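Trainee: Numbering (the working numbering), first residue to last: 6 to 62.
Ideal placement from N, C-alpha and C gives every residue a C-beta, glycine not left out.
If you're wondering where the values come from, they're calculated on a predicted model, not measured in any experiment.
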Amino acid sequence: WLVKKFGTKALFGLRQLEENGNLHQFAQLIEVSHNKVAQAENTILIDEEGVKVTTED
6 WLVKKFGTKA LFGLRQLEEN GNLHQFAQLI EVSHNKVAQA ENTILIDEEG
56 VKVTTED
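(1) Looking only at its own chain, which residues have a Cβ that is under 8 Å from the Cβ of residue 36, when we skip the five neighbours before and after it?
(2) In the DSSP assignment, the beta strand (DSSP E) including residue 18 goes from what residue to what residue?
(3) Express the C-alpha separation of residue 39 and residue 58 in angstroms, rounding to a whole number.
(4) Excluding the 5 residues preceding and the 5 following residue 47 in the sequence, name in chain order all residues of the same chain whose CB lies nearer than 7 Å to its CB.
(5) With DSSP as the reference, label residue 7 as helix, strand or coil.
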């Protein structure tokens, strides 16, 4: 969804955040029954206008 909303530069930004240690990838969570586990967290966007919690839209 990031590429749809912000274009392909979003991937470059994510890669930079990961290389700088600001963003970390984790393996997919799988239950004993082999079903995927849903997990939800707040996501924030920080730009020139301030901070926006994107998960509250």
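Mentor: In this structure, then:
(1) Once the five neighbours on either side are set aside, the close Cβ partners of residue 36 are 42.
(2) No beta strand (DSSP E) contains residue 18, which is instead part of the alpha helix (DSSP H) from 14-24.
(3) Answer to the nearest angstrom: the Cα atoms are 32 Å apart.
(4) The answer, listed in chain order, is 58, 60.
(5) DSSP places residue 7 in helix when its eight states are reduced to three.
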